[in-house]
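In terms of our numbering, the sequence shown opens at residue 496 and continues consecutively. Even glycine gets a Cβ: it sits at the ideal position worked out from N, Cα and C. For reference, the structure is listed below as structure tokens.
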Amino acid sequence: MTGVQARYVTEEQQPELLFSVCTLVASDDRYARLLDSFERMGFTADTTEFIALDNRGQNRFDGYSALRRMFPEFRGRYIILVHDDVELVDDGAEELRKILEELDRRDPNWTLGGCSGWSADGSELLRHLEDPHGCSRPLTAPREAQSLDECFLVLPRARAVLPSLDLSGFHLYAADMCVQAKMAGGRTYVLPFFLHHHSGGTHGADLEASRDAFTRKYEKLAIGTRLRAPAVTVYFGAVGSMRRRMDELAGRLRHKTRTIASRAGVQNMK
Numbered sequence: 496m497t498g499v500q501a502r503y504v505t506e507e508q509q510p511e512l513l514f515s516v517c518t519l520v521a522s523d524d525r526y527a528r529l530l531d532s533f534e535r536m537g538f539t540a541d542t543t544e545f546i547a548l549d550n551r552g553q554n555r556f557d558g559y560s561a562l563r564r565m566f567p568e569f570r571g572r573y574i575i576l577v578h579d580d581v582e583l584v585d586d587g588a589e590e591l592r593k594i595l596e597e598l599d600r601r602d603p604n605w606t607l608g609g610c611s612g613w614s615a616d617g618s619e620l621l622r623h624l625e626d627p628h629g630c631s632r633p634l635t636a637p638r639e640a641q642s643l644d645e646c647f648l649v650l651p652r653a654r655a656v657l658p659s660l661d662l663s664g665f666h667l668y669a670a671d672m673c674v675q676a677k678m679a680g681g682r683t684y685v686l687p688f689f690l691h692h693h694s695g696g697t698h699g700a701d702l703e704a705s706r707d708a709f710t711r712k713y714e715k716l717a718i719g720t721r722l723r724a725p726a727v728t729v730y731f732g733a734v735g736s737m738r739r740r741m742d743e744l745a746g747r748l749r750h751k752t753r754t755i756a757s758r759a760g761v762q763n764m765k
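Printed below as a string of structure tokens:
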């Protein structure tokens with residue numbers, strides 16, 4: 496008889512809190528402004544935990560490692576990954592709760608939300624925020640997107656996607672998570688949640704390096720026309736269909752060749 500005891504799970508465990516707010520903190524002053532604004536807008540201790548990853552003085556964490564490092568410790572139903580230079584000005588905890596719960600009902604497979612990104616077809620930049628580039632708040636409901644800005648990201652913990660292990664830095668981790676969400680069968684949205692981002696972003700050599708690494712990763716991940724699984728081979732596209740017919744023909748020829756060889760061997764034995 497074994498002494499090992501299993502814990503049976505019969506339903507999804509309910510989170511302890513509504514929100515987990517995670518921030519890479521490089522500046523005490525900026526983070527204090529963020530905390531003040533979140534508290535003022537209803538993110539209080541009874542609904543929200545605040546987690547600061549200490550990048551003061553040096554970068555101990557980056558955009559790709561932060562969420563993965565902290566995920567086991569989050570206690571909120573919704574995870575918010577936010578820059579330390581964000582300030583809430585109009586919308587608060589109650590507005591965000593309503594938006595997310597309605598999105599849960601409307602699309603149970605949503606996996607990622609933000610306040611700025613490109614539309615699903617890539618034709619329109621959707622911005623629902625104020626930053627040095629201007630003020631824009633056009634949305635009255637979530638809009639599906641193909642990418643998001645990193646300044647403010649929201650994930651349902653039950654369906655969270657995590658950044659890639661083989662990428663690093665402070666650029667394109669939101670785009671990486673959007674791709675991961677799509678591959679997992681989820682969807683990404685720009686949310687009608689208004690905030691102030693005090694930075695307009697940076698465009699330097701590190702951004703180009705991140706883009707190059709991102710490109711190399713996803714070029715290598717192209718599945719191609721055929722994927723061989725242990726139980727079955729899967730084919731993709733028109734070229735894949737042609738390859739399937741060729742593989743099936745080659746399989747029949749191999750089978751016929753083995754049959755002829757087997758019969759010839761029997762005859763030789765006689």
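Membership of V674 in the alpha helix (DSSP H) is indicated by the continuous run Y668 to M678. Of the residues H698, P627, R570 and G680, the one whose Cα lies closest to the Cα of P603 is G680.
Judged by their CB atoms, G609 and L643 are nearer to each other than the 9 angstroms cut-off. Under the three-state reduction of DSSP, S614 is assigned to strand. In this structure, V581 and H698 do not form a Cβ contact; the two beta carbons are roughly 19 angstroms apart against a cut-off of 8 angstroms. Contact check between the stretch 589 to 606 and the stretch 668 to 688: three or more CB pairs, one atom from each, fall below 8 angstroms, which counts as touching. In the DSSP assignment, L562 falls within the unbroken alpha helix (DSSP H) covering G558 to M565.
When secondary structure is reduced to three states using DSSP, T518 falls in the strand class. Listed in chain order, the non-local C-beta contacts of E568 below 8 angstroms within the same chain comprise I546, local neighbours out to five positions each way being set aside. In the DSSP assignment, A547 falls within the unbroken beta strand (DSSP E) covering T543 to D549.
Here R622 is buried. Its C-beta has 16 or more other C-beta atoms within 10 Å. Contact between L620 and F647 does not hold, since the beta-carbon distance rounds to 16 angstroms and is not under 8 angstroms.
Note: Y684 is bridge-paired with G608 and E639 in the DSSP secondary-structure output.
Bounds of the alpha helix (DSSP H) holding T710 are A700 to K715. Around the C-beta of M737, fewer than 16 other C-beta atoms lie within 10 Å, and the residue is accordingly described as exposed.
With respect to the C-alpha of V674, the residue from T710, D549 and G695 having the closest C-alpha is T710. Here L583 is not near R632, since their CB atoms are 9 angstroms or more apart.
In the structure shown, the three-state DSSP call for Y503 is coil. Ranked by how close their Cα comes to the Cα of R551, the residues S757, M741 and L519 have L519 in first place.
DSSP, read as helix, strand or coil, puts T539 in coil. L686 has its alpha-carbon roughly 11 angstroms from the corresponding atom of E597. By the neighbour-count criterion, in which a residue is buried when 16 or more other Cβ atoms sit within 10 angstroms of its Cβ, Y573 is buried. Annotated as proximal: L667 and R706, with beta-carbon spacing under 9 angstroms. Collapsing the DSSP output to three states places V581 in a strand. When DSSP states are grouped into helix, strand and coil, T728 belongs to the strand group. Here P651 is bridged, per DSSP, to Y573. The secondary-structure analysis by DSSP pairs G629 across a beta bridge with D626. With respect to I594, F688 sits close: the two C-beta atoms are nearer than 9 angstroms.
Secondary-structure assignment with DSSP links L512 through a beta bridge to G571.
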